[in-house]
Structure formats: C-alpha cells, structure tokens
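Student:
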Amino acid sequence: MARIVAKFGGTSVADTARIERAADKIAAEVARGHEVAVVVSAMSGVTNQLVEYCRQISPGHDAREYDAVVASGEQVTAGLMAIALQKRGVAARSWMGWQVPLRTDDVHGKARILDIDTTRMSDSMRAKEVPVLAGFQGVTDEQRISTLGRGGSDTTGVALASALKADRCDIYTDVDGVYTTDPRIVPEARKINKISYEEMLELASLGAKVLQVRSVEMAFKQNMPVQVLSSFDDAIGSDLPGTLVTREEDIMEKSVVNGVAYSKDDAKITLAGVPDVPGVAAKLFGPLADANVNVDMIVQNVSLDGKSTDMTFTVPLGELDRAKDVLSKIKEFKGVKVLTDTQIAKVSVVGIGMRSHAGVALTMFKALAERGINIYVISTSEIKISVIISKEYLELAVRALHTAYGLDKTA
Ligand code: ASP
Ligand code: MG
Numbered sequence: 546m547a548r549i550v551a552k553f554g555g556t557s558v559a560d561t562a563r564i565e566r567a568a569d570k571i572a573a574e575v576a577r578g579h580e581v582a583v584v585v586s587a588m589s590g591v592t593n594q595l596v597e598y599c600r601q602i603s604p605g606h607d608a609r610e611y612d613a614v615v616a617s618g619e620q621v622t623a624g625l626m627a628i629a630l631q632k633r634g635v636a637a638r639s640w641m642g643w644q645v646p647l648r649t650d651d652v653h654g655k656a657r658i659l660d661i662d663t664t665r666m667s668d669s670m671r672a673k674e675v676p677v678l679a680g681f682q683g684v685t686d687e688q689r690i691s692t693l694g695r696g697g698s699d700t701t702g703v704a705l706a707s708a709l710k711a712d713r714c715d716i717y718t719d720v721d722g723v724y725t726t727d728p729r730i731v732p733e734a735r736k737i738n739k740i741s742y743e744e745m746l747e748l749a750s751l752g753a754k755v756l757q758v759r760s761v762e763m764a765f766k767q768n769m770p771v772q773v774l775s776s777f778d779d780a781i782g783s784d785l786p787g788t789l790v791t792r793e794e795d796i797m798e799k800s801v802v803n804g805v806a807y808s809k810d811d812a813k814i815t816l817a818g819v820p821d822v823p824g825v826a827a828k829l830f831g832p833l834a835d836a837n838v839n840v841d842m843i844v845q846n847v848s849l850d851g852k853s854t855d856m857t858f859t860v861p862l863g864e865l866d867r868a869k870d871v872l873s874k875i876k877e878f879k880g881v882k883v884l885t886d887t888q889i890a891k892v893s894v895v896g897i898g899m900r901s902h903a904g905v906a907l908t909m910f911k912a913l914a915e916r917g918i919n920i921y922v923i924s925t926s927e928i929k930i931s932v933i934i935s936k937e938y939l940e941l942a943v944r945a946l947h948t949a950y951g952l953d954k955t956a
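Those letters in the sequence shown? Residues 546 to 956, by our numbering.
#1: Quick check on this structure: which residue in 679, 668, 666 has the alpha carbon closest to the alpha carbon of residue 555?
#2: With a cut-off of 8 Å on the beta carbons, I'd call residue 890 and residue 936 a contact; round off their distance for me.
#3: Could you check if residue 638 is buried or exposed, using at least 16 other CB atoms within 10 Å of its CB as the buried criterion?
#4: For ligand 2, any of its heavy atoms closer than 7 Å to the Cβ of residue 958?
#5: Please work out which residues of its chain come closer than 6 Å, Cβ to Cβ, to residue 745, disregarding the five sequence neighbours upstream and downstream, and give them in chain order.
#6: Could you tell me if residue 907 is buried or exposed, where buried requires 16 or more neighbouring beta carbons within 10 angstroms of its beta carbon?
#7: How is residue 740 classed by DSSP in three states: helix, strand or coil?
#8: Is the beta carbon of residue 595 sitting closer than 8 Å to the one on residue 805?
#9: Just to confirm, are residue 656 and residue 650 a CB contact at a threshold of 8 Å?
#10: Three-state secondary structure (DSSP) at residue 712?
#11: Could you tell me if the beta carbon of residue 696 falls within a distance shorter than 7 Å of some heavy atom in ligand 2?
#12: Would you say the beta carbon of residue 877 comes nearer than 7 Å to a heavy atom of ligand 1?
#13: Within this structure, are the beta carbons of residue 813 and residue 859 separated by less than 8 Å?
#14: Does the distance from the CB of residue 880 to the CB of residue 951 come in under 8 Å?
#15: Consult DSSP for residue 835 and reduce its assignment to one of helix, strand or coil.
#16: With DSSP collapsed to three states, give me the class of residue 824.
#17: Near residue 613, what residues of its chain come up, given a Cβ to Cβ distance below 7 Å and the 5 sequence neighbours on each side ignored?
#18: What are the boundary residues of the beta strand (DSSP E) that residue 682 is part of?
#19: Just tell me which of 911, 903, 921, 827 has its CA closest to the CA of residue 872.
#20: Per DSSP, residue 795 is paired with what?
#21: For residue 830, which three-state DSSP category applies?
#22: Just curious, the beta strand (DSSP E) that residue 890 is in, first and last residue?
#23: Would you list the residues sitting across from residue 588 in a DSSP beta bridge?
Written out as structure tokens, the structure is:
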C-alpha cells in the first residue's frame, strides 16, 4: 500500500464529466488499497476569468482582494470532487487552505508556503476519508486568504505530499508526460520515462510548462518523487504510465542529453565600449536587479586595448524597455553604445550525463554549424548548454539537436 497525493490540473477538472472521470481514478486507487489525498486546480479558464474581473474593476486592485477572488475557483472544484467521490461510495471531504491550515507568507498573489498542519487531514485519512484540498491557496498570519502564483496548485500538491510523507505525488494533466522536446516542432519527440529533479528544474525554468518551477524546486529539496501523467488515458497513477521525476541515483540509464528546450521570449542587449575598470559589472547589474529585470546569459569580452570592452546579456522580452530605461540612467555609461536584438531564440540541451561525458558541446556546435546556424552567445552549466541564435532558425535548430543527440523515436 502506498500513500499518494493526486493533483488534478485545470483541464482535468474542466467540467463535471471530467471531474467524474478524475473521481473514477481516485476511487480505483482507493480500491487497490492505496491511501489517497487529492489536490485540485480550478476548472480550466476560470482563474483567467477571475483575474480579468479584478482587472476590469480596477487594474491597480488590492492584492488581498485579488487573492480572495482568484482563490474561489479551487473552492468550487474541491467541493465538486468530494461530491463525485461520495457518489462512488468513497468517503471524502473538501478542505480550503485556511481550514488545514496551509500557512503562507503575506506576499499576496505570489505567496510562499510556510507550513502545512497535517493534524486534521491525517485524522481524516485515518478515518478512511479522502481529503480533497483546494490547490493554489493558503492563509496568512493575518488570517487573509493568499494564493501561490499562477500554476501554484502543482506546488500545493508537492507540498502536501511531503507534509503527509507520501510515497509519490501524481500530477494529472492533459499530456501523458514530459517529452524530449516540444512534439509540435519535432514529431519524433519521445516521452521520457524517468528524469532527475535537476533536469526537470532546468526544463521547467526554460519554459516547459508542465510543472510550475517552484513545485520542482520543492520536490528536489524534499526528495518527493513526482509523476506527470494524463488524466485522459485509462491508466491510473499506480500503473506508473507517466514521467517520473526523481533522484538522479534512481535513474539507471543516464542519458547524456535528455531534453532540448527553447524559448522565444528573450531579447539580447549588447553594450559596446564599456569602461574596463573594476566595479563596472556591479554598476550595471545592480540597478537592473533593483528594477526587477531578470538578467540571464552574460558574456563579457576580454578588453583588447585595456580601456574598454563589450558586454552582452539577455533579458525577458517583456522587460527590455525597463532594462533600456535603467541603462540610460547610469552615468558611467554615457559613451556606451546600446544595441538590442529581439529576433533571437535560446536553445538548450539538458542532461545529467553531461557531467561524465566529454564532447557534448561539440556535438551541439557541429549540428548547428552543419545547418549554417550562427551562434551569438553560449553559456554552460554542469548539466545544460544554452545558445542564443537567430529566431528564424529556431525550429531547424531544435530538430537538428534532437537528432544529433539520438533522441528521435525509432519506431
Ligand atoms: N488555478 C490556478 C491557475 O490557473 C492554479 C493552478 O491551476 O495551478 O494558475
Ligand atoms: Mg498547471
């Protein structure tokens, strides 16, 4: 017998028929003798609608009231799920964040979980009841309702799993797992059976939208295995049909590269003629950080004349104007030429096997060179190599790399 937390995303509870389908899966797990706790998202589209209501009345709305409004979507699905389970003869009870309580800090709209008091939920499970927790929401020390940021129910799921010392957190969604790359670009993309927390963290940070980044960070820290699986397939979580995100030690076959990720949402900034003196990087990146600009890849050239150098870095497209504004106000940068490029894309290959294999980067550079794709910026970490290229070659590059690292499905 295992203890499982099953989280259902918005598309898996999009209407009453789907809620009933999800309830069938939970009932099947219970029938197999597993102990199950459930976390639900709002019906798909509902949170967007609630956010829009707040915006319509006042774009500068009070963050506390925003949370009071947007948390309501999950209340509806938690209650409906409990009703659907009861209809199947499974004892069930809904729980809102404040009833648990699931305590968060007071950063409304993007709160962090402080702790989950599992006393009452554990009592409920001992009494053979399935607790159904509303995802995405919690309560602050001031007894106000808080929410965890968009996609936050994943984090609720993982946090509850670790608080309940569950064996696994199953995340039911509308895809059957994590893929080697975006199947819309590469039809030969394969579902990954097992992936390490670290690889998943890189892929999620790079924009693979299946899991909220924070939920992966938490799973990593708490060592909580997470399975991503489809709620539309017939298999249930304990059949292990999906992608298991787990410890590196539990993965026998360590692929050199496990996934190819990309993002089209970055812009490149080049500063030409930056004074080559100590402290200049701090003068640049300090104000950018203060203005909440997320700087990603940074390269600085060696100065040839000892007086000035060039520096290139990337920022999210949506933060480019803010970044330019900040740059124009740094007085040491008066003579510096600022060049920006929005027609770029970032392509990354990720894999824990890179740690123990040489020549991984070379494969990437060769594959891109063979297609005549120019690389603007390169950055590497222990398990990731990222390059910036022109946006127009993005799909070509992703396909080439997927093939070059042997990820294409053979059947
Ligand atoms: N309903 C919330 C959202 O759409 C939380 C979630 O589904 O994870 O962001
Ligand atoms: Mg989600």
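The C-beta atom is built at its ideal place from N, Cα and C for all residues, glycine as well.
Tutor: Considering the structure as presented:
#1: If you number the sequence shown from 1, residue 555 lands on position 10. Comparing Cα positions, the closest option is 679.
#2: In the sequence shown, residue 890 corresponds to position 345, counting from 1. In the sequence shown, residue 936 corresponds to position 391, counting from 1. Indeed, because the Cβ distance is near 5 Å, the residues count as touching under 8 Å.
#3: The count along the sequence shown starts at 1 and reaches residue 638 at position 93. Its Cβ being crowded by 16 or more others within 10 Å, residue 638 is buried.
#4: With the chain running from 546 to 956 in the structure shown, residue 958 is simply not present.
#5: For the purposes of this step, residue 745 is taken as the residue at position 200 of the sequence shown. Counting only residues of its own chain and dropping the five nearest sequence neighbours on each side, residue 745 has a CB closer than 6 Å to the CB of 761, 790.
#6: By one-based count along the sequence shown, residue 907 stands at place 362. Exposed, by the Cβ-count rule.
#7: Here the question's residue 740 lines up with position 195 in the sequence shown. It is a strand residue.
#8: Translated into positions along the sequence shown, residue 595 becomes position 50. Translated into positions along the sequence shown, residue 805 becomes position 260. No, Cβ-Cβ distance for residue 595 and residue 805 is not below 8 Å.
#9: By one-based count along the sequence shown, residue 656 stands at place 111. By one-based count along the sequence shown, residue 650 stands at place 105. Their beta carbons are under 8 Å apart, which means residue 656 touches residue 650 by this criterion.
#10: Sequence index remark: in the sequence shown, residue 712 carries index 167 (1-based). Collapsing the DSSP output to three states places residue 712 in coil.
#11: Working through the sequence shown from its first residue, we reach residue 696 at position 151. Within the cutoff, so yes.
#12: Indexing the sequence shown from 1 puts residue 877 at position 332. No, since every heavy atom of ligand 1 falls outside the 7 Å radius drawn around the Cβ of residue 877.
#13: Counting from one through the sequence shown, the residue named residue 813 turns up at place 268. Counting from one through the sequence shown, the residue named residue 859 turns up at place 314. Against a cut-off of 8 Å, the Cβ pair of residue 859 and residue 813 comes out as a contact.
#14: Position 335 of the sequence shown, counted from the first residue, corresponds to residue 880. Position 406 of the sequence shown, counted from the first residue, corresponds to residue 951. No; because the gap between Cβ atoms is not below 8 Å, this pair is not in contact.
#15: Counting from 1 along the sequence shown, the entry for residue 835 is found at position 290. Correct three-state label for residue 835: helix.
#16: Taking the sequence shown and counting its residues from 1, the one referred to as residue 824 is at position 279. Coil.
#17: As a first step, residue 613 must be located in the sequence shown, where it is residue number 68. Correct list, in chain order: 690.
#18: Start at 1 with the first residue of the sequence shown, and residue 682 comes out as number 137. Its beta strand (DSSP E) spans residues 682-684.
#19: Here residue 872 refers to the residue found at position 327 when the sequence shown is read from its first residue. For residue 872, the nearest C-alpha among the options comes from 827.
#20: Within the sequence shown, the letter at position 250 stands for residue 795. Per DSSP, residue 795 has no beta-bridge partner at all.
#21: Here residue 830 refers to the residue found at position 285 when the sequence shown is read from its first residue. DSSP, read as helix, strand or coil, puts residue 830 in helix.
#22: Against the sequence shown, residue 890 aligns to sequence position 345. Judged by DSSP secondary structure, residue 890 falls within the beta strand (DSSP E) whose first and last residues are 889-895.
#23: Within the sequence shown, numbered from 1, the residue matching residue 588 stands at position 43. Answer is none; residue 588 lacks a bridge partner.
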